[in-house]
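A.B. asks: This is the structure, below, for whatever I ask next.
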Amino acid sequence: MNNEYQNPLGTHSEQLKTNKINYLQQLEKDKIIERQIRFQELLISISTQYINSDLSDINNLINKSLQQICEFVESDRSYIFSYDFINNTTSNTYEWCAKGVEPEIDNLQQVPLDYFPQWVEAHKKGEAFFVEDVSLLPDDGEHGLRAVLEPQGIKSLITIPKFKNNELIGFIGFDSVKQINKFNDHEKEILFVFANMLVNIIQRKENEERIKAQEAKKEELLQFLSRQNEELNEYAHVVSHDLKAPLINIHTLISWFMEDHKEVLDDAALTPLHQVIFNVEKMDFLIKGILDYSTIDRLETEDKSIDFNLIVDEVIQTLLVPSHVTITVQDNLPSIYGNAWRFKQVFQNLIQNAIKYGNPEKGTIQVGYTDHEDHYQFFVKDNGIGIKSDYYDKIFKVFTKLESTGSSSGIGLSIVKKIITYYKGSIWVDSQEGSGTTFYFTLFKN
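Residues 1 to 446 (UniProt numbering) are what the sequence shown spells out, left to right.
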């Protein structure tokens with residue numbers, strides 16, 4: 001017979017203790033999970049602030065986030081350091097301190113890395129450097145890690161490396177001055193995320209400042225070029241205007257001399273005088289071209305809707321069209337908002353060019369356009385001598401001529417290009433030697 005006696009109350013009491021332990025353990029687990037969730041939410045909140053900020057006051061933004069993280073992990077001082085591996089030092093760039101904790105940022109500039117080699121080595125490996133109890137560190141001399149930390153009143157610390165493009169650039173850290181602090185693995189992971197966020201926000205700020213600096217330089221350059229262009233145009237205008245008077249006098253005096261002495265001057269004597277007249281007229285064309293070129297973007301007359309059929313007709317009426325040249329104009333050219341003088345210059349120079357380099361026996365010139373979705377494409381086509389492809393880009397440059405004979409200024413096509421560019425259009429040429437040339441240009445619809 002079994003005489004052992006089992007006390008049911010004792011069994012029940014042990015079960016209650018077990019249940020209580022399990023309950024407390026579950027509470028502790030729930031508490032840890034809840035803390036981790038709050039930590040993640042805080043990080044999301046900080047990230048949102050970074051994303052939505054214009055970074056005009058990045059210092060306050062970073063200091064605020066240092067405070068938020070530091071208070072959450074129950075530390076007393078948080079900071080950011082930059083590594084300088086060229087000079088083998090590190091410097092404190094940002095710092096937040098809890099009430100009653102002395103700031104150390106001024107004392108931690110260009111600190112030699114030799115003071116804490118194990119710290120730096122951990123960061124180079126991409127690892128956090130954590131000291132739970134500074135007082136337990138070995139006494140490794142006046143420049144050792146313990147000697148550096150204890151005067152700052154630090155009991156515990158953790159530092160997280162910062163990397164940019166796989167390069168170690170610094171670290172963030174959290175000091176516990178009032179009490180010893182512990183960090184679990186999950187908190188360390190979140191601190192690594194925070195370190196990456198800081199790198200990104202600082203890099204974003206650097207990029208914005210770089211872009212602003214580039215834009216400022218660009219604006220400064222544009223203003224400088226605008227002033228230079230205005231001064232050059234003004235100079236060209238003044239000089240050209242001043243040159244016309246003496247040229248007129250030379251032309252007049254030579255003409256009078258030739259008229260007064262025509263009975264006594266033979267061909268040998270008249271030839272150089274005719275050459276002088278020719279060069280004076282050539283210079284006059286050149287000066288007029290410079291004046292026209294410098295005036296293109298200086299016109300102050302009001303823009304209006306211009307009927308291109310009327311413009312082209314007026315241009316043709318003012319030109320000396322040889323009898324062997326036939327000009328055909330499309331009868332439904334569009335109207336475009338702009339300046340009549342500028343548009344006349346375009347067609348006058350292109351048609352003059354077509355007459356000059358047209359077929360010497362039976363020249364034909366066609367003026368027309370094609371309609372596109374947002375612009376018109378105009379053309380002036382001739383059946384003349386054509387242009388070598390090597391000259392396609394050169395002919396639009398100032399003073400460029402295909403031949404040195406004649407009184408042409410070499411500015412006509414440059415004027416055309418400047419006007420078309422002024423109206424944000426494009427101009428190009430298509431030509432074959434001996435088969436003719438077509439100039440195309442575009443103008444946007446109003």
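From the three backbone atoms N, C-alpha and C, an ideal C-beta is built for every residue, glycine too.
#1: Taking the alpha-carbon of N176 as reference, which of I105, N196, D76 has the nearest alpha-carbon?
#2: Taking only the alpha-carbon atoms, compute the straight-line gap between D331 and A268 and give it to the nearest angstrom.
#3: Taking Cβ positions, are Q352 and T442 nearer each other than 8 Å?
#4: How about T89 and V120: do their beta carbons lie closer than 8 Å?
#5: Hey, quick one: how far does the beta strand (DSSP E) through G117 stretch, first residue to last?
#6: Look at the Cβ atom of V312, then the Cβ atom of F347, and state whether they are nearer than 8 Å.
#7: Between which two residues does the alpha helix (DSSP H) harbouring K344 extend?
#8: For F174, which of D382, S65, I395 has the nearest alpha-carbon?
#9: Following the continuous alpha helix (DSSP H) through I172, name the residue where it begins and the one where it ends.
#10: With E95 as the anchor, note down where its beta strand (DSSP E) starts and where it stops.
#11: So, using beta-carbon positions, are G436 and K394 closer together than 8 Å?
#12: Can you say whether Y391 is buried or exposed, counting buried as having 16 or more other CB atoms within 10 angstroms of its CB?
#13: Ends of the alpha helix (DSSP H) at D313?
#14: Is the Cβ-Cβ distance between E132 and I180 less than 8 Å?
#15: DSSP on F439, reduced to helix/strand/coil?
#16: I158 to A128, Cα distance in whole Å?
#17: Applying the criterion that 16 or more other CB atoms from any shown protein chain within 10 Å of the CB defines a buried residue, is L270 buried or exposed?
#18: If you follow the alpha helix (DSSP H) that L149 is part of, which residue opens it and which one closes it?
#19: Could you name the residues that DSSP lists as bridge partners for K164?
#20: Tell me the residue span of the alpha helix (DSSP H) that contains Y422.
#21: Among the residues of its own chain, which have a CB less than 6 Å from the CB of S426, if the five just before and after it don't count?
#22: Since I believe H251 is in contact with I277 (beta carbons under 8 Å), could you give me their beta-carbon distance rounded to a whole number of angstroms?
#23: In whole angstroms, what separates the C-alpha of N207 from that of E215?
#24: Ends of the alpha helix (DSSP H) at K64?
#25: Nearest-angstrom Cα distance between L221 and E209?
#26: For G368, list the residues DSSP reports as bridge partners.
#27: Let me confirm a value: W96 is counted as buried when at least 16 other C-beta atoms fall within 10 Å, else exposed. Which label applies?
#28: If contacts are defined as beta-carbon pairs under 8 Å, then I201 and Y50 qualify, I think. What distance do you get, rounded to the angstrom?
#29: So, for I387: in the same chain, excluding its five sequence neighbours on each side, which residues have a beta-carbon less than 6 Å away from its beta-carbon?
#30: Where do the ends of the beta strand (DSSP E) carrying V429 lie?
#31: Would the beta-carbon of N309 fall within 8 Å of that of V329?
#32: Does the Cβ of P117 have 16 or more other Cβ atoms within 10 Å, making it buried, or fewer, making it exposed?
#33: Put K212 into one of helix, strand or coil per three-state DSSP.
C.D. replies: According to the structure shown:
#1: The question names Asn, but residue 176 in the sequence shown is Ser. Checking every option, the nearest Cα to that of S176 belongs to D76.
#2: Those two C-alpha atoms are separated by around 52 Å.
#3: No; because the gap between Cβ atoms is not below 8 Å, this pair is not in contact.
#4: Cβ atoms of T89 and V120: not closer than 8 Å.
#5: The amino acid occupying residue 117 in the given sequence is Pro; Gly does not appear at that position. P117 -> not in any beta strand (DSSP E); alpha helix (DSSP H) instead, spanning 117 to 124.
#6: Between V312 and F347, the gap from beta carbon to beta carbon is short of 8 Å.
#7: The continuous alpha helix (DSSP H) containing K344 extends over residues 340 to 356.
#8: Of D382, S65, I395, the smallest CA-CA separation from F174 is found for S65.
#9: For I172, no alpha helix (DSSP H) encloses it; the enclosing beta strand (DSSP E) starts and ends at 167 to 176.
#10: 89 to 97 is the extent of the beta strand (DSSP E) around E95.
#11: No, Cβ-Cβ distance for G436 and K394 is not below 8 Å.
#12: It counts as exposed.
#13: Boundaries of the alpha helix (DSSP H) harbouring D313: 308 to 318, taken from the DSSP string.
#14: With contacts defined as CB atoms closer than 8 Å, E132 and I180 qualify as a contacting pair.
#15: Looking at F439 - three-state DSSP - the assignment turns out to be strand.
#16: Using only the alpha carbons, I get a separation of about 7 Å.
#17: That one is exposed.
#18: Segment 145 to 149, the alpha helix (DSSP H) holding L149.
#19: K164 pairs with E167.
#20: In the DSSP assignment, Y422 falls within the alpha helix (DSSP H) that extends over 412 to 422.
#21: Cβ neighbours of S426 beyond the five flanking positions: T442.
#22: Sure, about 6 Å apart at Cβ, within 8 Å.
#23: Going from the Cα of N207 to the Cα of E215 covers about 12 Å.
#24: For K64, the uninterrupted alpha helix (DSSP H) segment begins and ends at 58 to 72.
#25: Whole-angstrom Cα-Cα distance: 18 Å.
#26: Beta-bridge pairing links G368 to F379.
#27: Buried: at least 16 other Cβ atoms inside 10 Å.
#28: Rounded, the Cβ-Cβ distance is 5 Å, consistent with contact.
#29: Answer for I387: S431, T437, listed in chain order.
#30: Start and end: 427 to 432.
#31: Between N309 and V329, the C-beta gap is smaller than 8 Å, which places the two residues in contact.
#32: Exposed is the label assigned to P117, since fewer than 16 other Cβ atoms lie within 10 Å of its Cβ.
#33: Residue state for K212 is assigned as helix, using DSSP reduced to three classes.
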